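Novice: Sequence order for the protein chains is A and B.
Residue numbering for the first sequence follows the UniProt record's numbering, beginning at 1 and increasing consecutively.
Residue numbering for the second sequence follows the UniProt record's numbering, beginning at 1 and increasing consecutively.
Let me begin by handing over the structure; questions about it come next.
There are 2 protein chains.
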Amino acid sequence: MSGQIIGPGSLSLNQWTTRRWSVAEAVDGCVRHDLAAVGLWREKVAEQGLAESVKLVRAAGLRVSSLCRGGFLTAGGLPGEEGRRAYARALEDNRRAIDEAAELEAACLVMVVGGLPGVKPGEPAGDGPGGFSRDLAGARDRVAEAVAELAPYAGERGVKLALEPLHPIYCPDRAVLSTLGQALELSLPHPEEQVGVVVDTFHVWWDPRLFEDISRAGRRIASYQVCDYLHPLPEDVLLGRGMMGDGVIDFGPITRAVMAAGYTGDVEVEIFNAAVWAADPDEVVATMKSRYEDVVLATR
Amino acid sequence: MSGQIIGPGSLSLNQWTTRRWSVAEAVDGCVRHDLAAVGLWREKVAEQGLAESVKLVRAAGLRVSSLCRGGFLTAGGLPGEEGRRAYARALEDNRRAIDEAAELEAACLVMVVGGLPGVKPGEPAGDGPGGFSRDLAGARDRVAEAVAELAPYAGERGVKLALEPLHPIYCPDRAVLSTLGQALELSLPHPEEQVGVVVDTFHVWWDPRLFEDISRAGRRIASYQVCDYLHPLPEDVLLGRGMMGDGVIDFGPITRAVMAAGYTGDVEVEIFNAAVWAADPDEVVATMKSRYEDVVLATR
Chain A
1 MSGQIIGPGS LSLNQWTTRR WSVAEAVDGC VRHDLAAVGL WREKVAEQGL
51 AESVKLVRAA GLRVSSLCRG GFLTAGGLPG EEGRRAYARA LEDNRRAIDE
101 AAELEAACLV MVVGGLPGVK PGEPAGDGPG GFSRDLAGAR DRVAEAVAEL
151 APYAGERGVK LALEPLHPIY CPDRAVLSTL GQALELSLPH PEEQVGVVVD
201 TFHVWWDPRL FEDISRAGRR IASYQVCDYL HPLPEDVLLG RGMMGDGVID
251 FGPITRAVMA AGYTGDVEVE IFNAAVWAAD PDEVVATMKS RYEDVVLATR
Chain B
1 MSGQIIGPGS LSLNQWTTRR WSVAEAVDGC VRHDLAAVGL WREKVAEQGL
51 AESVKLVRAA GLRVSSLCRG GFLTAGGLPG EEGRRAYARA LEDNRRAIDE
101 AAELEAACLV MVVGGLPGVK PGEPAGDGPG GFSRDLAGAR DRVAEAVAEL
151 APYAGERGVK LALEPLHPIY CPDRAVLSTL GQALELSLPH PEEQVGVVVD
201 TFHVWWDPRL FEDISRAGRR IASYQVCDYL HPLPEDVLLG RGMMGDGVID
251 FGPITRAVMA AGYTGDVEVE IFNAAVWAAD PDEVVATMKS RYEDVVLATR
């Protein structure tokens, strides 16, 4: 690993960073700020309409750096008929997500795989009528099975599933994939063009094996997402993602490692943060552009 | 690994679980509830007096399963004279902690190694006058140096340093040791009787390499601490530790793995939780005893 930057791809606006923007507004914003790529969310695409969204990004000449998101594959770990139905529903929803990613020619479909069966995002464990499962190993096995089920379907449509390890704080309710190494292991049984991994700085910055696993992941890296890790985290830990430079992450070494591993895709900025969402989206994009140069690429 | 339980040691009350109890009260409580061991905190020992604390635990016939805690070794990563002074102060304080552990004949001195230099526990990053450092790799190197400095001193006094990996949520401000595997690597250059590791269920339950690393750690496991991981975490994430059975952790497999690895020491219950601290300590100890049987050993 030379450490030489062989990329980078372009800066991409993940539309959740400017959450109040529709697909049309985000596309306009990217054009106005001279960005070559955008990361889209399924909810927003549904609001705009899939066909209209495709038309908008093509007319603007934008690449779709990712579609967020598929996943939530673990509910099938609940017992009996409830579990079987939940699993079937999840697979069906993921096939629709793959279809949408294909239409949008997205570089990948980001997969947030789901937490312990029955634990709903943000809700107390065990409050649901069906209770919840503490079988973490079982949930992880189920994710592997579901990925094996979905990968060929994705492959036939030219879509790459991008398995996203989430910070361990989200293990109970959002993702039993907790490290890059674990996501990488899960991807290896499948062709590189069908299953890759996401490196999101917020989720992986603390990992003592990060640089080794980035290097090992190589061309399996399907998406590089950046935002900072705020300290202390806000009460809603989902909103602890900050503008690059506002938190504790040293981006330079991570960016260089991702590029040295052979990643040439776009670099998406995805920020969940109440203050960022409340700000003028055009100002957010302007700040994002300057911080990208100063902090993420550390070229100035 | 046979999976057969070759331990377990006795249940031990970490005195922070019954936080309002002094050393004298905790010792009385252990005797009253028929416990054979207690985990002590330096602050509480200082309040009681070291000599008096030694006298109390000996008179009661209690083992001291751990002394909490040494560590906070990373401040030396700040630049210049400030950093050098902070490092020297930290080493000196840790030598005093080792002396105290020796007097108490504690089974180990638990080491919480410290976070990014200049980030204070619970305080916003960068608000201190000296700013803070984002050099995570450097902080980890500094911990390794400090452990190498302290291990022989501990060894001469018959004290074992127990390196505690903390959940990655505490990486910014409390411990740049984030996984059991990383703690184990750090321990390996030193004799087993000088440096071991802590397995605390709250901190490691999510780790995809947990069972492999417990097995690899073997006799390096110096302390097994248990409490549950609550979901969602409270606003002060430090207080997200719950009574076993109240959270998302499946204790049985972890307990069996720790015992199969050869651990024969005591099992400490260490809970930081506002509701537990507000409750009658005798009721807390009674609940702890029944949950230990039902949930941690899963023998009923």
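The beta-carbon is built from N, C-alpha and C at its ideal position, and this holds for glycine as well.
None of the values given here were measured: they were computed from a predicted structure.
Residues in its own chain within less than 8 Å of S2 of chain A by CB, not counting five upstream and five downstream?
Specialist: The residue you call residue 2 of chain A lines up with position 2 of the first sequence. With a pLDDT of 36 at S2 of chain A, under the threshold of 50, the predicted position of this residue should be treated as unreliable, and no value is reported.
Novice: Does DSSP put Q225 of chain B in a helix, in a strand, or in coil?
Specialist: If you number the second sequence from 1, residue 225 of chain B lands on position 225. Looking at Q225 of chain B - three-state DSSP - the assignment turns out to be strand.
Novice: Please report the distance separating the alpha-carbon of L116 of chain A from that of P124 of chain A.
Specialist: Position 116 of the first sequence, counted from the first residue, corresponds to residue 116 of chain A. Position 124 of the first sequence, counted from the first residue, corresponds to residue 124 of chain A. Whole-angstrom Cα-Cα distance: 12 Å.
Novice: C171 of chain A lies in the alpha helix (DSSP H); which residues open and close that run?
Specialist: If you number the first sequence from 1, residue 171 of chain A lands on position 171. From DSSP, C171 of chain A is part of no alpha helix (DSSP H); its letter is neither H nor E.
Novice: Mind checking S290 of chain A: buried by the 16 CB within 10 Å criterion, or exposed?
Specialist: Residue 290 of chain A sits at position 290 when you count from the first residue of the first sequence. S290 of chain A is exposed by the Cβ-count criterion.
Novice: Check for me: the beta strand (DSSP E) holding M244 of chain A runs from which residue to which?
Specialist: On the first sequence, position 244 is the one that residue 244 of chain A refers to. Per DSSP, M244 of chain A belongs to no beta strand (DSSP E) and is neither H nor E.
Novice: Can you tell me whether N14 of chain A is helix, strand or coil according to DSSP?
Specialist: Taking the first sequence and counting its residues from 1, the one referred to as residue 14 of chain A is at position 14. Reduced to three states, the DSSP call for N14 of chain A is strand.
Novice: So, do the region 18-27 of chain B and the region 231-238 of chain B have three or more beta carbon pairs nearer to each other than 8 Å?
Specialist: Result no; under three Cβ-Cβ pairs closer than 8 Å.
Novice: Is the Cβ of Q182 of chain A closer than 7 Å to any Cβ of chain B?
Specialist: For the purposes of this step, residue 182 of chain A is taken as the residue at position 182 of the first sequence. Judged by the 7 Å Cβ criterion, Q182 of chain A is in contact with chain B.
Novice: Using a Cβ-Cβ distance under 7 Å, would T287 of chain A count as near chain B?
Specialist: Translated into positions along the first sequence, residue 287 of chain A becomes position 287. So no, T287 of chain A is outside the interface.
Novice: Could you tell me which whole beta strand (DSSP E) segments of length 3 or greater appear in the region 129-164 of chain B?
Specialist: Complete beta strand (DSSP E) runs here, min 3: 161-163.
Novice: Starting from the beta carbon of L136 of chain A, find every residue of chain B whose beta carbon is closer than 7 Å, and list them in chain order.
Specialist: On the first sequence, residue 136 of chain A is found 136 positions in, with the first residue counted as 1. Ordered by position in chain B, the residues that pass the 7 Å Cβ test against L136 of chain A are D250.
Novice: Return the first residue and the last residue of the beta strand (DSSP E) that E268 of chain A is part of.
Specialist: Here residue 268 of chain A refers to the residue found at position 268 of the first sequence. It spans 267-269 - the beta strand (DSSP E) in which E268 of chain A sits, taken as one unbroken run.
Novice: Closer than 7 Å by beta-carbon distance: list the chain B residues that pair up with P117 of chain A, in chain order.
Specialist: Here residue 117 of chain A corresponds to residue number 117 of the first sequence, with the count starting at 1. Correct list: empty, because the minimum Cβ distance to chain B is about 11 Å.
Novice: Return the Cβ separation of N94 of chain B and G76 of chain B in integer angstroms, given the expectation that the two are a contact with Cβ distance under 8 Å.
Specialist: Reading the second sequence from its first residue, position 94 is the one you call residue 94 of chain B. Reading the second sequence from its first residue, position 76 is the one you call residue 76 of chain B. Not quite, the Cβ-Cβ distance comes to about 12 Å (not below 8 Å), so this is no contact.
Novice: So for C108 of chain A, helix, strand or coil by DSSP?
Specialist: As a position in the first sequence, residue 108 of chain A is number 108, starting the count at 1. Coil at C108 of chain A, not helix or strand.
Novice: So which of B:A36, B:A24, B:G242 has the shortest CA-CA distance to E54 of chain B?
Specialist: Along the second sequence, read from residue 1 onward, the residue named residue 54 of chain B stands at position 54. Correcting the residue type first, residue 54 of chain B is Val in the shown sequence and not Glu. Of the listed residues, the one whose Cα sits closest to V54 of chain B is B:A24.
Novice: Going by DSSP in three states, S65 of chain B sits in which element: helix, strand or coil?
Specialist: Residue 65 of chain B sits at position 65 when you count from the first residue of the second sequence. S65 of chain B falls in the strand class under three-state DSSP.
Novice: Would you check whether the ligand SAM has a heavy atom nearer than 6 Å to the C-beta of G138 of chain A?
Specialist: Among the ligands in the structure shown, none appear at all, so the ligand SAM cannot be discussed.
Novice: Measure the CB-CB distance between Q15 of chain A and L40 of chain A and report whether it falls below 7 Å.
Specialist: Here the question's residue 15 of chain A lines up with position 15 in the first sequence. Here the question's residue 40 of chain A lines up with position 40 in the first sequence. Yes, these two residues count as a Cβ contact at 7 Å.
Novice: Answer with yes or no whether the minimum CB distance from M1 of chain B to chain A is below 7 Å.
Specialist: Position 1 of the second sequence, counted from the first residue, corresponds to residue 1 of chain B. With a pLDDT of 34 at M1 of chain B, under the threshold of 50, the predicted position of this residue should be treated as unreliable, though the coordinate-derived value follows. No, M1 of chain B lies away from the interface with chain A (no Cβ there is under 7 Å from its Cβ).
Novice: Check each candidate in B:C227, B:V198, B:Q225 and name the one with the smallest Cα separation from D213 of chain B.
Specialist: Position 213 of the second sequence holds residue 213 of chain B. When each option's Cα is compared against that of D213 of chain B, the closest is B:V198.
Novice: Looking at chain A, which residues of the region 168-202 of chain B have a Cβ within less than 7 Å of any of its Cβ atoms?
Specialist: Of all residues in the region 168-202 of chain B, P168, I169, C171, P172, D173, S178, T179, Q182 have a Cβ within less than 7 Å of some Cβ in chain A.
Novice: With a CB to CB cut of under 8 Å and the five nearest residues on each side skipped, what residues in its chain are close to A148 of chain B?
Specialist: Here the question's residue 148 of chain B lines up with position 148 in the second sequence. Within the same chain, A148 of chain B has close Cβ partners P189, H190.
Novice: For the alpha helix (DSSP H) containing D213 of chain B, name the first residue and the last one.
Specialist: By 1-based counting over the second sequence, the position of residue 213 of chain B is 213. Segment 210-217, the alpha helix (DSSP H) holding D213 of chain B.
Novice: Determine, using beta carbons only, whether A125 of chain B comes closer than 7 Å to chain A.
Specialist: Taking the first residue of the second sequence as position 1, residue 125 of chain B is located at position 125. Answer yes: the Cβ-Cβ gap between A125 of chain B and chain A drops below 7 Å somewhere.
Novice: Contact defined as beta carbons within less than 8 Å: I believe V159 of chain A pairs with T74 of chain A. What is the distance between those atoms, to the nearest angstrom?
Specialist: As a working note, residue 159 of chain A is residue 159 in the first sequence. As a working note, residue 74 of chain A is residue 74 in the first sequence. Not a contact, Cβ separation roughly 21 Å.
Novice: Could you spell out the range, first to last residue, of the beta strand (DSSP E) harbouring L40 of chain A?
Specialist: Within the first sequence, numbered from 1, the residue matching residue 40 of chain A stands at position 40. From DSSP, the beta strand (DSSP E) with L40 of chain A extends over 37-41.
Novice: Excluding the 5 residues flanking L239 of chain B on each side, which residues of the same chain have their C-beta closer than 6 Å to its C-beta?
Specialist: Along the second sequence, read from residue 1 onward, the residue named residue 239 of chain B stands at position 239. Taken in chain order, the residues that qualify are F272, N273, A274.
Novice: Mind listing the chain A neighbours of L233 of chain B? Cutoff is C-beta to C-beta under 8 Å, in chain order.
Specialist: By 1-based counting over the second sequence, the position of residue 233 of chain B is 233. Under the 8 Å cutoff, chain A gives I169, V237.
Novice: Taking buried to mean at least 16 other C-beta atoms within 10 Å of its own C-beta, is P79 of chain A buried or exposed?
Specialist: Locating residue 79 of chain A in the first sequence gives position 79, counting from the first residue. Exposed: under 16 other Cβ atoms inside 10 Å.
Novice: Does any CB atom of chain B fall closer than 7 Å to the CB of P208 of chain A?
Specialist: Walking along the first sequence from the start, residue 208 of chain A turns up at place 208. Yes, because at least one Cβ of chain B sits closer than 7 Å to the Cβ of P208 of chain A.
Novice: Kindly list the residues whose CB is nearer than 6 Å to the CB of A298 of chain A, restricted to its own chain and excluding five residues on each side of it in sequence; keep chain order.
Specialist: Here the question's residue 298 of chain A lines up with position 298 in the first sequence. Counting only Cβ-Cβ distances below 6 Å, and skipping sequence neighbours, we find G252.
Novice: Inspect the beta-carbon positions of L50 of chain A and E100 of chain A and report whether they are closer than 7 Å.
Specialist: Counting from one through the first sequence, the residue named residue 50 of chain A turns up at place 50. Counting from one through the first sequence, the residue named residue 100 of chain A turns up at place 100. Their beta carbons are under 7 Å apart, which means L50 of chain A touches E100 of chain A by this criterion.
Novice: Identify the residues that DSSP records as bridge partners of V258 of chain A: which are they?
Specialist: Along the first sequence, read from residue 1 onward, the residue named residue 258 of chain A stands at position 258. In the DSSP output, where bridge partners are listed per residue, V258 of chain A has none listed.
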